[in-house]
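K.L.:
Residue numbers (the numbering used here): 163 to 681.
What follows is the structure in structure tokens.
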């Protein structure tokens, strides 16, 4: 059977005087096909088309479902395989093959019962939940034929029905749940505003007339991520329907027809199935393809943020170099690490208001600090500068032998007696400040001053040393000899004529006589 377009071409070439053989060559179709339609009138072709396409009425009872699917997708062109999967999931068993469905859809379009257009918005079903608002999670368990028991974590976005599934081979704990949730957020590239959960013991301790008490770690997680929690009541199918259907869907459509010997095999196969089927086929609830709907929902999700519950994963950490003072830099501020890590590299992971620091080879946490918002600030933990590999007695002997003159030994011994509980810290300060670059004459002067004033702290001794060092530098400066300054010669003033007082007296006498005459 040829389509209407081909039938028209055969008729057009016939009218132009082409022979049957030439029409066959021109249209690249069999000569018998040309002969079949050569003398067929339009009315005969229309009857024949209806007869052939509607010869099998197997899919006629699914007509409304098919048109509804296209309407829900704005009458855009759909993969016939997706429509077939949708009908198969809804009605379990179909009466014919995917090819028969394709022919039936062609019949609907050719007969005008279905119009498939691009970029024409004709119908859109209102989503029961706004995009980006809600994610539902639940758990299940399934035993494979091989004996492998798989524990299922399932999550679905309520609006788009976009799904995330993960397996593990041991019962769930709160730690496992939080790991799966964080992986789920990575998978959907964002976070919802609300989480819908069941009253499971790994999340909920108890319920007292609507007052939900969460487990400690789950409560910390929801606060850290700023998540609203909606807890389903027991035997509440309306609120749990979506996610329970997902768990059932995984069991019936994925696990039931497969067998796995290891968790790794199951996970590898699952990732492809999620893309191809779970998120790539038409959803029964929305009549839309979750992967397409998710493109819009992803825009409404909240941005990802780091969590303290992911600090154990080295993949999320950043590298930092420790300087020779045993500090790392983060956002313009400095944070101490144990002294043995100086001039090496460590891993960091900021989460919330805390900076976690790890040994990059063992993955062990070696420090944590509250993050400061003050640029250039230093966060110091005193214990980081203790040489824990050495005994306090060994450190004392090292300090006593830093210098050979008697004043140093006397000061050190008085220090140990003054700070018996902080001997290790004082020894570390002594080695830090006085191990090199010290001028002994100035040091002796500083020690004498401290002993005289009964001051025995190595930190104060170092400050005193710096004071006397500055004075010593000032005293050794060469005196400045002032240069002779030649002042400019004063300019000669012009000579002014000097008159006797008698001249001015005569002038005044004359003015008086003039005044009397005027009167």
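Here a beta-carbon is modelled for each residue, glycine too, at the ideal position from N, C-alpha and C.
Excluding the 5 residues preceding and the 5 following residue 537 in the sequence, name in chain order all residues of the same chain whose CB lies nearer than 7 Å to its CB.
P.N.:
494 and 495
K.L.:
Can you grab the Cα-Cα spacing for the pair residue 576 / residue 622, in whole Å?
P.N.:
14 Å
K.L.:
Residues in the same chain with beta-carbon distance under 6 Å from residue 288, minus the five sequence neighbours each way, listed in chain order, please.
P.N.:
Model confidence at residue 288 stands at a pLDDT of 40, short of 50, so the residue's coordinates are unreliable; what they give is reported in the following sentence. Here the set comprises nothing.
K.L.:
Below 8 Å, can you find three or more Cβ-Cβ pairs linking the segment 229-244 to the segment 444-452?
P.N.:
In this structure the segment 229-244 lies against the segment 444-452, because at least three pairs of beta carbons, one per stretch, are closer than 8 Å.
K.L.:
Helix, strand or coil for residue 529 per DSSP?
P.N.:
strand
K.L.:
Please classify residue 165: does DSSP put it in a helix, a strand, or coil?
P.N.:
It is coil, neither helix nor strand.
K.L.:
Does the segment 375-389 come within contact of the segment 407-421, defined as at least 3 CB pairs closer than 8 Å?
P.N.:
Taking a cut-off of 8 Å on C-beta distances, the segment 375-389 does not touch the segment 407-421, as fewer than three cross pairs fall below it.
K.L.:
Could you give the C-beta distance for residue 313 and residue 325, rounded to a whole number, given that I count them as a contact under 8 Å?
P.N.:
Their Cβ separation, rounded to whole angstroms, is 17 Å, which puts residue 313 and residue 325 out of contact at 8 Å.
K.L.:
Ordered along the chain, which non-local residues of its own chain (more than five positions away) have a Cβ less than 6 Å from that of residue 442?
P.N.:
453
K.L.:
So which of 500, 613 and 522 has the shortest CA-CA distance to residue 109?
P.N.:
The structure shown does not extend to residue 109, since the chain is modelled only from 163 through 681, so no value can be given for it.
K.L.:
When the cut-off is 8 Å and only beta carbons count, does residue 571 lie next to chain D?
P.N.:
The question asks about chain D, but that chain is absent: this structure has only one protein chain.
K.L.:
Is the beta carbon of residue 483 closer than 8 Å to that of residue 507?
P.N.:
A contact, by the Cβ cut-off of 8 Å.
K.L.:
Please determine, among 486, 492, 167 and 570, the residue with the shortest C-alpha to C-alpha distance to residue 513.
P.N.:
492
K.L.:
Going by DSSP, name the residue or residues bridged to residue 431.
P.N.:
According to DSSP, which records beta bridges pairwise, residue 431 is partnered with nothing at all.
K.L.:
Going straight from the alpha carbon of residue 651 to that of residue 628, what length do you get?
P.N.:
Because residue 651 sits at a pLDDT of 49, beneath the cut-off of 50, its placement in the model cannot be relied upon, and the following sentence gives the value as read from the coordinates. Those two C-alpha atoms are separated by around 50 Å.
K.L.:
Quick one: what's got a C-beta closer than 6 Å to residue 595's C-beta in the same chain, skipping five residues either side?
P.N.:
Residues of the same chain with a CB within less than 6 Å of the CB of residue 595, apart from the 5 flanking positions on each side, are 624 in chain order.
K.L.:
Take residue 521 and list the residues in its own chain whose beta-carbon comes closer than 6 Å to its own, dropping the five residues that flank it on each side.
P.N.:
Listed in chain order, the non-local C-beta contacts of residue 521 below 6 Å within the same chain comprise 528, local neighbours out to five positions each way being set aside.
K.L.:
Just to check my reading of the structure: residue 409 and residue 300 have Cβ atoms closer than 8 Å, yes? What is that Cβ distance to the nearest angstrom?
P.N.:
6 Å
K.L.:
Since residue 468 and residue 511 should fall inside the 8 Å C-beta cutoff, what is the C-beta to C-beta distance between them, to a whole number of angstroms?
P.N.:
7 Å
K.L.:
Report yes or no: do the segment 193-211 and the segment 173-183 share at least 3 C-beta pairs separated by less than 8 Å?
P.N.:
Yes, the segment 193-211 touches the segment 173-183.
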